[in-house]
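Enquirer: A single structure is presented below for examination.
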Amino acid sequence: MTYPLRWFLPGVLYEITTRTIQERFLLRPGHRSRELIVGVIGRAQELYPAVQLHAFSYMSNHAHLLLSSSDGEQLALFLGFVNGQVARVMGRLHDWRGPFWGRRFRPIPALDAPSMIARLRYVMAQGVKEGLVASPRDWPGASSTPGLLADMAVVGTWIDRDAETRARRRGGPVEPRAFEKVYIVVLTPIPPWAGLHRAELVARHRALLEDIERAARGAPILGAEAVLSAHPHARPEAPARSRAPLCHASTTFLRRAFRRLYADMVATYRAAAAALRAGAPREACGFPEGSFPPRLPYVGPVDPGALPWAFAVPTTADPTGAVA
Numbered sequence: 001m002t003y004p005l006r007w008f009l010p011g012v013l014y015e016i017t018t019r020t021i022q023e024r025f026l027l028r029p030g031h032r033s034r035e036l037i038v039g040v041i042g043r044a045q046e047l048y049p050a051v052q053l054h055a056f057s058y059m060s061n062h063a064h065l066l067l068s069s070s071d072g073e074q075l076a077l078f079l080g081f082v083n084g085q086v087a088r089v090m091g092r093l094h095d096w097r098g099p100f101w102g103r104r105f106r107p108i109p110a111l112d113a114p115s116m117i118a119r120l121r122y123v124m125a126q127g128v129k130e131g132l133v134a135s136p137r138d139w140p141g142a143s144s145t146p147g148l149l150a151d152m153a154v155v156g157t158w159i160d161r162d163a164e165t166r167a168r169r170r171g172g173p174v175e176p177r178a179f180e181k182v183y184i185v186v187l188t189p190i191p192p193w194a195g196l197h198r199a200e201l202v203a204r205h206r207a208l209l210e211d212i213e214r215a216a217r218g219a220p221i222l223g224a225e226a227v228l229s230a231h232p233h234a235r236p237e238a239p240a241r242s243r244a245p246l247c248h249a250s251t252t253f254l255r256r257a258f259r260r261l262y263a264d265m266v267a268t269y270r271a272a273a274a275a276l277r278a279g280a281p282r283e284a285c286g287f288p289e290g291s292f293p294p295r296l297p298y299v300g301p302v303d304p305g306a307l308p309w310a311f312a313v314p315t316t317a318d319p320t321g322a323v324a
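With this note's numbering applied, the sequence shown covers 1 to 324.
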C-alpha cells in the first residue's frame, strides 16, 4: 500500500485519523481505557511540548485528533508515541496480541477558520454521528469534550511500565498502581478562537454541542450501555469505507490552491530523492520544508558477478541442487 507523502507545516491545524486493525473494537471505552488513553496523551505532551492539542475523540475502533505545532518533527514524534503507547496499553487491557492499527495515521490540514470550526464540531460529534449516544456528553470513552465545556483540561493516568519491570526484576512485592502518574492534558483553543476569554470560548464550545444534540434529536440511539458491552475483539458487520480528502477548506479556491502546492511539494521531494539515490549528500538534495527525507536511502542494483562468491546468486542448477 502506498501512502501520501507527509507534509507538516508550522502552525497549520491537522486532523489526524487512525483506525484499528480490521476495525475491531480494540479501543472499546470504559473508565479504565479512558484514563489510560488520556494518560498516554498527557505523557506525549510532556515529551513534545511544541505540539498543541485542540480536541480528540477515541471511538471503539478509530480515533480523531486535532493538532498543530511549531515543529513538524515533534508533531510526527508525538503521533508516533501516542499511537504506539495506546496500542500497548489497550492491547494489554483487552488481551490483544498482534497488529493494533490498520494503517498509518492520516494527517489532513484544515486551511481556514470555517473548516477548523467544522472539524472541531466533527470531532465532538463522533459518538452522536455514529448513532451511539444522544449527546457528546454521554460518550463513555476518551474525549476532549468534558474539557472543552469546562476548564480546557482532561485528566488521565500514565503507567511507567519500564520502572515497573525494573522493580519486578529486583524481586519483592509491587503495588498494582505504584508506577502510575496523573497527567492533566491541556487543550489549546483552535486558531480562530485563540484570543477569546475563557467564558466566551466555553460558550462557543457549548453552542457546538447544542447544535450537535439538536441535529440528532429523534434519531435512533444504540446507547452507552450497549457500546460498553461490545467485545473488544469484535468488529462491525459493515466496516466504514471512505476516501480521505487531501485537505479541509471552505472554498473550492483554497482546495485547488492547496492541491497545486502539494503537487509542487511532491515533485520537489521526488527530485530530491532521486538526487539522494544518485549519491548526493542529503543536505544538498533540496528536500522541501515540512517533509521527511528518507533516513536510509535505497542503494541501486548490484551486479551479482561483483559480489563475493559465497553470496553470488546461482543462475542454473541440476535436480540435485548443485550449481551448474
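Backbone N, C-alpha and C define an ideal beta-carbon position, used for all residues, glycine too.
For Gly171 and Val182, I'd like the C-alpha separation in whole angstroms.
Expert: The residue given as residue 171 occupies position 171 in the sequence shown. The residue given as residue 182 occupies position 182 in the sequence shown. If you take the alpha carbons of Gly171 and Val182, they lie about 26 Å apart.
Enquirer: So for Leu9, helix, strand or coil by DSSP?
Expert: Counted from its first residue, the sequence shown places residue 9 at position 9. Looking at Leu9 - three-state DSSP - the assignment turns out to be coil, as it is neither helix nor strand.
Enquirer: For Gly156, name the three-state secondary structure that DSSP assigns.
Expert: Locating residue 156 in the sequence shown gives position 156, counting from the first residue. If DSSP states are grouped into helix, strand and coil, Gly156 belongs with the strands.
Enquirer: Report the rounded CA-to-CA distance for Leu254 versus Leu111, giving the unit in angstroms.
Expert: Your numbering for residue 254 matches position 254 in the sequence shown. Your numbering for residue 111 matches position 111 in the sequence shown. Computed Cα separation, rounded: 7 Å.
Enquirer: Might you give, ordered along the chain, the residues of its own chain that have their beta carbon closer than 7 Å to the beta carbon of Thr320, omitting 5 neighbours on each side?
Expert: Taking the sequence shown and counting its residues from 1, one reaches residue 320 at position 320. With a pLDDT of 42 at Thr320, under the threshold of 50, the modelled position of this residue cannot be trusted, and the question is left open.
Enquirer: At the level of alpha carbons, what is the spacing between Phe78 and Ala63?
Expert: Locating residue 78 in the sequence shown gives position 78, counting from the first residue. Locating residue 63 in the sequence shown gives position 63, counting from the first residue. Each residue's Cα considered, the two are about 15 Å apart.
Enquirer: So, for Gly290: in the same chain, excluding its five sequence neighbours on each side, which residues have a beta-carbon less than 6 Å away from its beta-carbon?
Expert: Taking the first residue of the sequence shown as position 1, residue 290 is located at position 290. Taken in chain order, the residues that qualify are Trp7, Phe8, Leu9, Gly72.
Enquirer: Could you give the DSSP three-state label for Thr320: helix, strand or coil?
Expert: What you label residue 320 is simply residue 320 of the sequence shown in a count that begins at 1. Low per-residue confidence applies at Thr320: pLDDT is 42, beneath 50, and the placement is therefore not dependable, though the value from the model is reported in the following sentence. Coil, per DSSP.
Enquirer: Let me make sure I understand the geometry here. Which of Val12, Arg277, Thr17 has the alpha-carbon closest to that of Ala244?
Expert: Position 244 of the sequence shown, counted from the start, is the residue given in the question as residue 244. Checking every option, the nearest Cα to that of Ala244 belongs to Thr17.
Enquirer: How about Leu13 and Pro109: do their beta carbons lie closer than 8 Å?
Expert: In the sequence shown, counting from the first residue as 1, residue 13 sits at position 13. In the sequence shown, counting from the first residue as 1, residue 109 sits at position 109. In this structure, Pro109 lies closer than 8 Å to Leu13 by Cβ.
Enquirer: In its own chain, which residues sit with a C-beta less than 7 Å from the C-beta of Ala274, not counting the 5 before and 5 after it?
Expert: On the sequence shown, position 274 is the one that residue 274 refers to. The answer is none, since no qualifying residue turns up.
Enquirer: Count the other C-beta atoms from every protein chain shown that fall within 10 angstroms of the C-beta of Ala317, then say buried if there are 16 or more, exposed otherwise.
Expert: Position 317 of the sequence shown holds residue 317. With a pLDDT of only 43 at Ala317, under 50, the local geometry of the prediction cannot be trusted, and the value read off the model is given with reservation. Exposed.
Enquirer: If you compare alpha carbons, which of Tyr3, Ile21, Glu15, Gly11 is closest to Pro239?
Expert: As a working note, residue 239 is residue 239 in the sequence shown. When only C-alpha atoms are compared, the closest one is Ile21.
Enquirer: Measure the Cβ-Cβ separation of Met124 and Ile212 and say whether it is below 8 Å.
Expert: Locating residue 124 in the sequence shown gives position 124, where the first residue counts as 1. Locating residue 212 in the sequence shown gives position 212, where the first residue counts as 1. Against a cut-off of 8 Å, the Cβ pair of Ile212 and Met124 comes out as a contact.
Enquirer: Which ranges would you report for the beta strand (DSSP E) in the stretch 168-194 if only whole runs of at least 3 residues count?
Expert: Fully enclosed beta strand (DSSP E) runs of 3 or longer: 180-186.
Enquirer: To the nearest angstrom, report how far apart Asn61 and Ala280 are at their CA atoms.
Expert: Along the sequence shown, one-based indexing puts residue 61 at 61. Along the sequence shown, one-based indexing puts residue 280 at 280. Cα to Cα, Asn61 sits roughly 43 Å from Ala280.
Enquirer: Determine, using beta-carbon pairs with one atom in the stretch 140-154 and one in the stretch 162-170, whether at least three such pairs fall under 8 Å.
Expert: With a cut-off of 8 Å, the stretch 162-170 and the stretch 140-154 do not count as touching, because too few Cβ pairs lie within range.
Enquirer: Using only the alpha-carbon positions, how far apart do Phe56 and Gln126 sit?
Expert: Along the sequence shown, read from residue 1 onward, the residue named residue 56 stands at position 56. Along the sequence shown, read from residue 1 onward, the residue named residue 126 stands at position 126. Each residue's Cα considered, the two are about 10 Å apart.
Enquirer: What do you get for Leu26, buried or exposed, if any count of 16 or more other CB atoms within 10 angstroms of its CB means buried?
Expert: Looking up residue 26 in the sequence shown gives position 26. Buried.
Enquirer: Going by the beta-carbon positions, is the gap between Val86 and Ile37 smaller than 8 Å?
Expert: The count along the sequence shown starts at 1 and reaches residue 86 at position 86. The count along the sequence shown starts at 1 and reaches residue 37 at position 37. In this structure, Ile37 lies closer than 8 Å to Val86 by Cβ.
Enquirer: Could you tell me if Gly42 is buried or exposed, where buried requires 16 or more neighbouring beta carbons within 10 angstroms of its beta carbon?
Expert: On the sequence shown, position 42 is the one that residue 42 refers to. Buried.
Enquirer: Please report how far the alpha carbon of Ser135 lies from the alpha carbon of Leu209, in whole angstroms.
Expert: Residue 135 sits at position 135 when you count from the first residue of the sequence shown. Residue 209 sits at position 209 when you count from the first residue of the sequence shown. Approximately 8 Å, taken between the alpha carbons.
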